[in-house]
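Residue numbers (the working numbering): 1 to 139. Note that CB positions come from ideal geometry on N, CA and C, so glycine has one too. The block underneath contains the structure these notes are about, expressed in structure tokens.
What follows is the structure, given as structure tokens:
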């Protein structure tokens with residue numbers, strides 16, 4: 001009985017150490033590298049079509065943090081909410097696709113995870129100040 005308890009406590013301590021290490025090494029550099037480029041599997045293949053837009057929980061789980069703590073850290077590092085941060089990254093992905101491919105805005109929207117292409121267009125216009133098609137032709 002004691003052996004099982006000791007083993008469980010050891011496993012729990014290791015888990016706590018891993019989380020503490022992640023929290024200590026958390027920085028904007030990690031956000032830029034880790035959140036979107038170290039975990040590209042979300043955007044490769046058809047995950048966005050099945051799962052939709054990435055959630056706060058998805059990325060928080062990837063760095064072993066609670067969604068609330070992850071949100072606090074993002075706000076502390078960027079001055080933005082997690083939703084704003086994710087939206088900015090989604091717009092960056094859309095811009096890259098618009099400039100590097102001949103795909104339609106609808107195709108790009110579905111590939112990124114939007115359920116409806118209009119949602120990408122609205123978000124894009126709100127954040128960038130112009131529609132995706134106008135952005136493509138002006139750049």
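- For the pair residue 120 and residue 109, the Cα-to-Cα distance works out to about 6 Å.
- Using a C-beta cut-off of 8 Å, the region 116 to 135 makes contact with the region 89 to 99, since at least three inter-stretch Cβ pairs fall below that distance.
- Each residue's CA atom was taken as its position, placing residue 84 and residue 91 some 10 Å apart.
- A direct Cα-Cα distance of roughly 39 Å separates residue 114 from residue 11.
- The three-state reading of DSSP puts residue 58 in helix, counting H, G and I together.
- Cβ neighbours of residue 103 within its own chain (closer than 8 Å, five residues either side excluded): 97, 111.
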